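A quick write-up on the structure given underneath.
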Amino acid sequence: MRFQLEGLTVYFPYQFIYPEQYQYMLELKHALDAKGHCLLEMPTGTGKTITLLSLITSYQLAHPETGKLIYCTRTVPEMEKVLAELKELMEYRQRYFQDTAGGAPKILALGLSSRKNLCIHPMVSEEGTRESVDARCMKLTAPWVRERAGKEPDHDIETCALYEGLEGAGPEGRLDAGVYTLHDLRVWGRKHQWCPYFLARRMIAYANVVVYNYQYMLDPKVSQMVSREFERECVVVFDEAHNIDNVCIEALSVNIRSQTLDAATRNIGSLKREIERVKRTDEGRLRQEYQRLVQGLQAQGVLQEDARGGGDGDAQQWLANPALPEDIVREAVPGNIRRAEHFVAFLQRFVAYLRTRLAVDQVVSDTPTSFLASLQQAVAIEGKTLRFCYDRLASLMKTLEITASDDFHGVHLVADFATLVGTYSRGFAIITEPYDDRLPSVPDPIIQLSCLDASLAVRPVFAKYQTVVITSGTLSPIDLYPRILNFSPVCIASLNMTLTRDCLCPVVLTRGGDQLPVSTKFDMRSDPQVIRNYGRMLVDLAATVPDGVVAFFVSYSYMDQIVSRWNDMGILQELMAHKLVFIETQDVVETTLALDNFRRACDCGRGAVFFSVARGKVAEGIDFDRHYGRCVVMFGVPYQYTLSRILRARLEYLRETFQIKENDYLAFDAVRQAAQCVGRVIRSKADYGLMVLADKRYQRHDKRDKLPAWITQHLKDSHLNLSTDMLLCIARDFMRSMAQPYDRAAVGRSLLSEAAVNALDTAAPSAEAVGLADMQTDG
Amino acid sequence: MAGRAATLAEGRGMDLDEEDEELRADEEARGQTAFEREYEDDHSWEELEEDEFGNLRAPDQAEEQRARRRRLMSAAASARIRRGMVRYVEVVLDLSRAAALADMRPLRAAVMSGVLQQFVRTFFDENPLSQLGLVILRNGVAERLTELSSSPEAHIAKLRQNLDTGGDASLQNALDLCVDALKSIPPYGHREVLIMLAALSTCDPGDINASIKAAKRQRVRVSVVGLAAEVYVCRRMTEQTGGTYTVATGEGHLQELMLSHAVPPPAAPGTSSVSLVRMGFPCKNPEAPGAAAFCGEACLLRPGGYTCPKCKARVAELPSLCHVCGLSLVASPHLARSYHHLFPVPAFAEVPAAELLGVTGCGGNQPDFAPAFVTGRTYCYGCYTPLGQQAGGAGRSRGAASLAAAGIVSRCPDCRHLYCFECDSYIHEHLHTCPGCECLPPHLATATAAAAAAAAAAAPAVG
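So the protein lines, in turn, are chains A and B.
Residue 497 in numbering that gives the first Met the number 0 sits at position 498 of the first sequence; the count goes up by one each step and never skips.
Residue 134 in numbering that gives the first Met the number 0 sits at position 135 of the second sequence; the count goes up by one each step and never skips.
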């Protein structure tokens with residue numbers, strides 16, 4: 000359908016639109032008009048992605064001055080899904096432009112992923128891990144390798160034919176307009192014998208829509224390389240962004256163990272040997288580098304630009320700065336690390352110092368300032384020198400022409416650490432722990448440089464781009480995000496799902512069958528009565544709910560404990576009589592296998608229960624739609640491990656900087672995880688699922704009001720304080736009523752036709768919400 | 000840092016007390032226990048209304064009646080569909096562990112058995128030419144209770160004796176057993192499996208998908224009536240084999256769903272070859288004790304029974320297959336009883352109250368012999384119940400009037416007679432013929448029939 004939205008022609012590839020999608024478009028358009036950021040919550044299963052794509056591409060069409068749409072996703076499958084939907088949208092849009100001269104407006108949209116996902120080189124693409132693919136690729140495509148291959152054709156130096164093909168094609172090496180998924184890119188690459196990865200890297204500068212991973216935008220190391228040239232007018236979308244603060248923090252946190260330091264020492268040794276070798280063979284190269292460093296990084300940047308003209312993408316990657324403070328690029332590298340030998344000696348000293356820091360027998364917590372002070376005192380290393388570590392290392396690696404970047408992981412980590420410590424004096428904590436708290440007998444010393452402020456990584460994004468859209472199915476309480484991320488959105492909206500039937504049934508279980516309260520609180524979680532009550536509840540539910548049931552626990556250790564207790568009590572055996580039991584483990588392969596078998600058990604009617612962990616891989620990325628998840632049980636409130644020192648440091652920081660109370664933040668974080676878990680079962684409006692929040696603490700207001708509106712809307716008062724028997728009654732009724740045939744297309748209530756939408760638009764904008772409400776009641 | 004930890008821990012401690020108190024306060028504020036809250040908003044008694052005579056009247060009787068009519072009409076609307084008149088149905092009764100649950104009183108198993116007995120009777124009532132067999136699911140295996148046969152009493156007697164429950168249910172075993180039994184059915188027969196499923200999972204020895212495919216290959220239509228919830232594999236099985244899948248919300252609904260399977264289903268598209276079926280019409284033997292002979296497969300010495308016209312063997316009852324020559328033995332009333340499925344009474348149209356005001360009499364061709372008390376008013380052609388609002392106001396007969404006042408009025412499209420709701424449903428559910436049409440003078444009857452035929456011919460063009 001095509002309709003008018005406050006004067007904007009919107010192309011939407013379906014015959015009907017949900018009222019919430021219309022509302023979502025409206026909010027989004029306001030944000031785009033105001034050239035500001037926005038924060039939108041809309042439940043999964045309401046077609047968020049297509050709504051976003053449809054509105055923004057329509058907006059681009061109407062306002063050509065709008066920049067690219069940069070769509071950030073968390074995983075590759077999500078990326079593919081977005082591109083597939085965009086493709087459909089574009090095909091649909093064609094039909095409205097058949098009569099116009101010049102045909103439909105063409106757009107270029109493509110996904111960008113790592114070499115691992117895009118490489119089509121017969122040998123390189125066989126490599127197992129991302130790092131090894133990168134290293135193999137660099138070995139074939141690094142500028143000095145290519146140069147040498149060009150100079151000495153008889154030496155038989157291996158290069159990548161595909162990369163050479165792309166380079167050879169020059170300006171001809173490009174994509175036609177269209178929508179390219181990763182698969183399409185590979186196909187295009189095979190057809191033309193061009194490297195899809197570098198082709199994509201080259202083409203994103205010209206694309207209208209770019210879809211890639213969060214890291215490409217948030218991780219300063221990567222974003223500098225990939226996203227630097229995007230113009231200010233771009234629209235950046237972070238989809239499924241409920242964990243965006245954690246992603247930001249991870250991007251700027253470094254952990255160093257003794258193994259890392261061992262590896263770094265080895266790396267430094269080989270760097271030394273390399274330097275000696277180069278000194279003997281080609282001293283000029285080192286001297287050249289020195290000169291370059293004297294001139295400063297600014298000049299070096301220019302050099303890079305020149306090198307880039309020659310098609311050198313990799314050197315760039317190494318020279319990107321993880322911190323991007325404005326002044327650093329203008330400063331010259333300090334004198335004491337300009338010479339290669341000096342720099343290596345410096346690194347050696349630094350690693351030795353870290354080793355002494357690691358040798359602690361109790362937890363030490365530092366701020367970067369105090370860390371620098373003691374560093375100065377012990378080994379006379381200055382903060383300013385540290386700051387340049389990353390660039391200096393990258394430059395050295397380039398000078399030494401080292402391609403096996405994956406072997407130098409250790410020293411890279413140390414350099415990252417050094418640069419971050421040297422750069423930020425606030426918002427970080429350095430915590431050294433002699434052992435893991437959960438396993439005090441195993442010595443495992445670790446230095447954690449932990450970012451406490453999620454806004455540090457995301458600030459450049461907000462500052463650089465005109466409109467940043469943060470959206471997810473669960474962003475409640477929505478007012479907390481602007482505070483954590485430290486930005487001011489022009490639009491904040493939380494939209495509900497309009498349903499033709501009550502296909503969501505959230506309930507709060509507070510008591511077991513014996514009327515004793517159930518909870519995973521510290522003092523209650525190992526109470527056999529609570530464990531038994533939880534177990535009985537699950538057995539009874541398994542007997543009442545068909546097909547798939549998913550159970551989420553608060554942590555792996557808790558799951559291990561409770562499952563083994565259930566086994567002792569004989570509850571597990573009873574459960575197995577009704578349904579097969581599968582368990583998520585920390586091993587990805589094992590979990591994948593378990594999931595696969597879980598699905599098969601659901602398909603063939605045997606029924607199965609999947610035990611999983613909140614915050615685990617399954618809770619974040621796997622859908623239990625349709626019969627795979629007819630019921631989800633959240634055992635307990637998934638608080639973070641509150642004794643973790645990093646968390647405590649972060650809480651303190653949040654309190655001091657953003658005036659967010661510890662308990663508020665902890666509850667917010669726990670409830671968003673819980674909502675994320677229970678939301679796994681509803682992936683579309685035709686779906687239905689029972690959501691059991693099994694902990695008495697969910698009854699409290701401070702938990703309940705943090706649940707997203709689309710859950711609380713269906714949370715009846717009478718379902719807030721249930722015991723197991725009442726829950727079973729509700730479950731039985733719910734399952735029966737959902738099995739009844741229903742009218743899928745309730746036009747007018749949960750679907751709006753083209754005419755209805757246009758009618759909405761002609762109404763006064765202020766009356767719009769009212770009109771929508773009337774419409775719903777009429778229907 | 001350590002100090003910080005202590006405060007956090009304390010915070011947690013406080014948290015606890017605070018929380019419990021909050022809960023308690025919540026409870027007290029509401030002053031109710033949980034079960035009371037359940038019914039808080041449910042003031043069902045307020046919906047009751049009194050009519051002008053002080054009789055209680057259910058609130059939306061008309062709505063209820065309309066829903067029932069809709070079902071009737073949908074049956075009538077599909078009248079032109081070819082139906083499978085000769086059905087061979089295997090009914091599978093799930094007596095696994097789940098049948099021992101008591102969410103239907105007294106027990107699911109007892110309710111299921113009761114409904115099934117009723118179904119068996121209705122089935123033979125509606126499909127006298129058909130056969131039915133019973134299979135029980137218990138302890139992971141499928142047991143055959145009765146072979147395919149036409150005697151309702153035999154099935155019911157067997158069913159009554161077998162109501163133990165236990166173990167798992169296996170849909171695959173049931174399906175294999177039934178499909179195996181239905182394989183040898185002659186091509187004109189409709190092969191059906193009807194499963195009453197209490198369980199929510201199936202414990203199969205192999206791949207159920209293979210069994211579903213086999214069933215589909217054998218053109219067996221599998222339908223499922225669930226007792227608890229929608230199970231994915233049942234949904235898929237019924238979709239693939241062209242059956243229906245319904246889930247009962249309660250005892251009443253279960254009965255309704257089961258009985259809806261008593262009506263012959265539309266013929267599957269693949270079975271369109273019209274063939275003549277050889278049938279025997281045996282004559283009844285005298286009941287005198289002297290006429291005793293060995294009857295049926297079991298060779299019971301008894302008088303009466305029927306003699307097969309082909310091989311002269313004696314069978315105990317009709318309809319059945321001759322145990323010697325395999326001929327289908329029926330009596331002509333059986334055929335006649337099946338007849339109405341092919342020529343159902345047309346759906347009556349509802350007459351709005353406003354239109355009713357302008358009508359006197361019973362609509363249509365007013366007969367002369369109407370009783371005196373209805374002259375001058377609107378009344379039902381079937382039972383002389385006064386219709387419409389003014390009838391209630393007169394207060395002639397209290398019970399009937401209040402009933403009619405709440406009900407809806409409908410009109411036969413052919414003879415234009417008015418009927419009250421009760422007569423309407425009686426005609427469609429049991430009588431299967433419209434008395435008004437039957438009583439039409441011959442010239443009118445042909446005229447209306449012709450009109451109806453014309454309308455029917457026009458209907459597809461319009462549709």
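Every residue gets a Cβ at the ideal spot worked out from N, C-alpha and C, and that includes glycine.
Source: prediction; values computed, not measured.
Pair within 7 Å by beta-carbon distance, A312 of chain B and V323 of chain B: Indexing the second sequence from 1 puts residue 312 of chain B at position 313. Indexing the second sequence from 1 puts residue 323 of chain B at position 324. Going by C-beta atoms, A312 of chain B is nearer than 7 Å to V323 of chain B.
Alpha-carbon to alpha-carbon, V208 of chain A and T8 of chain A: Reading the first sequence from its first residue, position 9 is the one you call residue 8 of chain A. Reading the first sequence from its first residue, position 209 is the one you call residue 208 of chain A. Rounded to whole angstroms, T8 of chain A to V208 of chain A spans 19 Å at the Cα level.
Meets three-Cβ-pair contact criterion under 8 Å: the stretch 513 to 522 of chain A and the stretch 625 to 633 of chain A: no
Counted within 10 angstroms of its Cβ, other Cβ atoms place R307 of chain A as buried (16 or more) or exposed: The sequence position of residue 307 of chain A within the first sequence is 308, counting from 1. The predicted position of R307 of chain A is uncertain, since its pLDDT is 38 and thus under 50; a value taken from the coordinates is nonetheless stated next. It counts as exposed.
Spatially closest choice to A593 of chain A from A:M568, A:V549, A:R564 and A:S554, by CA coordinates: For this step, residue 593 of chain A is matched to residue 594 along the first sequence. For A593 of chain A, the nearest C-alpha among the options comes from A:V549.
Close beta carbons around Q3 of chain A, own chain, < 7 Å, minus the five adjacent residues each side: The sequence position of residue 3 of chain A within the first sequence is 4, counting from 1. Around Q3 of chain A: N757 and D760.
Given 8 Å, three or more beta-carbon pairs between the stretch 699 to 707 of chain A and the stretch 562 to 578 of chain A: no
Rounded distance between the beta-carbons of T509 of chain A and N720 of chain A, thought under 8 Å: In the first sequence, residue 720 of chain A corresponds to position 721, counting from 1. In the first sequence, residue 509 of chain A corresponds to position 510, counting from 1. So it is a contact: roughly 5 Å between Cβ atoms.
Beta-carbon proximity of S112 of chain A to L52 of chain A, cut-off 7 Å: For the purposes of this step, residue 112 of chain A is identified with residue 113 of the first sequence, where counting begins at 1. For the purposes of this step, residue 52 of chain A is identified with residue 53 of the first sequence, where counting begins at 1. The answer is no: Cβ separation not under 7 Å.
Cβ neighbours of L650 of chain A in the same chain (closer than 8 Å, five flanking residues each side left out): Position 651 of the first sequence, counted from the first residue, corresponds to residue 650 of chain A. Closer than 8 Å at Cβ, skipping near neighbours: E661, Y664 and L665.
Span separating the alpha-carbon of Q447 of chain A from that of Y179 of chain A: In the first sequence, the residue the question calls residue 447 of chain A occupies position 448. In the first sequence, the residue the question calls residue 179 of chain A occupies position 180. Roughly 40 Å between the two C-alpha positions.
G289 of chain B classed as buried or exposed, judged by whether at least 16 other C-beta atoms fall within 10 angstroms: Here residue 289 of chain B refers to the residue found at position 290 when the second sequence is read from its first residue. With fewer than 16 other Cβ atoms within 10 Å, it is exposed.
Alpha-carbon to alpha-carbon, S752 of chain A and Y10 of chain A: Numbered from 1 along the first sequence, position 11 holds the residue referred to as residue 10 of chain A. Numbered from 1 along the first sequence, position 753 holds the residue referred to as residue 752 of chain A. Spanning the two alpha carbons is a distance of roughly 13 Å.
Chain A contact for T201 of chain B (CB, 7 Å cutoff): Residue mapping note: residue 201 of chain B aligns to position 202 of the second sequence, counting from 1. Yes, its Cβ sits closer than 7 Å to a Cβ of chain A.
Within-7 Å CB hit, R36 of chain B to chain A: As a first step, residue 36 of chain B must be located in the second sequence, where it is residue number 37. The pLDDT assigned to R36 of chain B is 47, lower than 50, so where the model puts this residue is not dependable, and the model offers no usable value.
Where R356 of chain A falls: helix, strand or coil (DSSP): Start at 1 with the first residue of the first sequence, and residue 356 of chain A comes out as number 357. Reduced to three states, the DSSP call for R356 of chain A is helix.
Against chain A: residues of the stretch 163 to 176 of chain B by CB proximity under 7 Å: L170
Min CB distance D311 of chain A to chain B below 7 Å: Taking the first residue of the first sequence as 1, we reach residue 311 of chain A at position 312. Residue placement at D311 of chain A is poorly supported in this model, since its pLDDT is 36, which falls under 50; the coordinates still yield a value, given next. Not an interface residue.
Interface flag, H626 of chain A vs chain B, CB-CB below 7 Å: Along the first sequence, one-based indexing puts residue 626 of chain A at 627. So, interface residue.
Cβ-Cβ distance between H416 of chain B and C361 of chain B below 7 Å: Taking the second sequence and counting its residues from 1, one reaches residue 416 of chain B at position 417. Taking the second sequence and counting its residues from 1, one reaches residue 361 of chain B at position 362. The answer is yes: Cβ separation under 7 Å.
Rounded separation between R696 of chain A and K702 of chain A - CA only: Numbered from 1 along the first sequence, position 697 holds the residue referred to as residue 696 of chain A. Numbered from 1 along the first sequence, position 703 holds the residue referred to as residue 702 of chain A. Computed Cα separation, rounded: 7 Å.
Element boundaries [beta strand (DSSP E), containing H189 of chain B]: Your numbering for residue 189 of chain B matches position 190 in the second sequence. H189 of chain B -> beta strand (DSSP E) spans H189 to L196.
For V276 of chain B and S327 of chain B, the rounded distance between their alpha carbons: Here residue 327 of chain B corresponds to residue number 328 of the second sequence, with the count starting at 1. Here residue 276 of chain B corresponds to residue number 277 of the second sequence, with the count starting at 1. So the alpha carbons of these two residues sit roughly 9 Å apart.
Residue-level contact to chain A via CB, E229 of chain B, 7 Å cutoff: Along the second sequence, read from residue 1 onward, the residue named residue 229 of chain B stands at position 230. Answer yes: the Cβ-Cβ gap between E229 of chain B and chain A drops below 7 Å somewhere.
Through-space distance from R143 of chain B to T50 of chain A, alpha-carbon basis: Residue mapping note: residue 50 of chain A aligns to position 51 of the first sequence, counting from 1. Residue mapping note: residue 143 of chain B aligns to position 144 of the second sequence, counting from 1. Rounded to whole angstroms, T50 of chain A to R143 of chain B spans 56 Å at the Cα level.
Outcome for M122 of chain A when other beta-carbon atoms lying within 10 angstroms are tallied against a minimum of 16: Here residue 122 of chain A refers to the residue found at position 123 of the first sequence. The residue is exposed, with fewer than 16 neighbouring Cβ atoms inside 10 Å.
Opening and closing residue of the beta strand (DSSP E) in which A141 of chain B lies: Here the question's residue 141 of chain B lines up with position 142 in the second sequence. First-last of the beta strand (DSSP E) with A141 of chain B: V140 to S148.
Cβ neighbours of G205 of chain B in the same chain (closer than 8 Å, five flanking residues each side left out): Within the second sequence, the letter at position 206 stands for residue 205 of chain B. Only Q171 meet the Cβ criterion.
Residue range of the unbroken alpha helix (DSSP H) whose run includes I16 of chain A: In the first sequence, counting from the first residue as 1, residue 16 of chain A sits at position 17. It is not in any alpha helix (DSSP H) - I16 of chain A carries neither H nor E in the DSSP assignment.
Presumed contact (8 Å Cβ cut-off) between A108 of chain B and L94 of chain B, rounded CB distance: As a first step, residue 108 of chain B is located in the second sequence; it is residue number 109 there, counting from the start. As a first step, residue 94 of chain B is located in the second sequence; it is residue number 95 there, counting from the start. So it is a contact: roughly 6 Å between Cβ atoms.
In chain order, each beta strand (DSSP E) run of at least 3 residues that lies wholly inside the stretch 277 to 336 of chain B: 292 to 294 and 299 to 301
Closer than 7 Å at the beta carbon, the chain A residues around I207 of chain B: Within the second sequence, the letter at position 208 stands for residue 207 of chain B. Neighbours of I207 of chain B on chain A, chain order: C603 and G604.
Residue-level contact to chain B via CB, P444 of chain A, 7 Å cutoff: Position 445 of the first sequence, counting from 1, holds the residue named residue 444 of chain A. No, P444 of chain A lies away from the interface with chain B (no Cβ there is under 7 Å from its Cβ).
P76 of chain A, buried or exposed, once every other Cβ within 10 Å from all chains shown has been counted against 16: Translated into the one-based positions of the first sequence, residue 76 of chain A becomes position 77. So P76 of chain A counts as exposed.
Burial state of R190 of chain B (16 or more Cβ within 10 Å): Translated into positions along the second sequence, residue 190 of chain B becomes position 191. Buried, by the Cβ-count rule.
Same chain only: Cβ atoms within 8 Å of D261 of chain A, ignoring 5 sequence neighbours per side: Taking the first sequence and counting its residues from 1, the one referred to as residue 261 of chain A is at position 262. Closer than 8 Å at Cβ, skipping near neighbours: G409.
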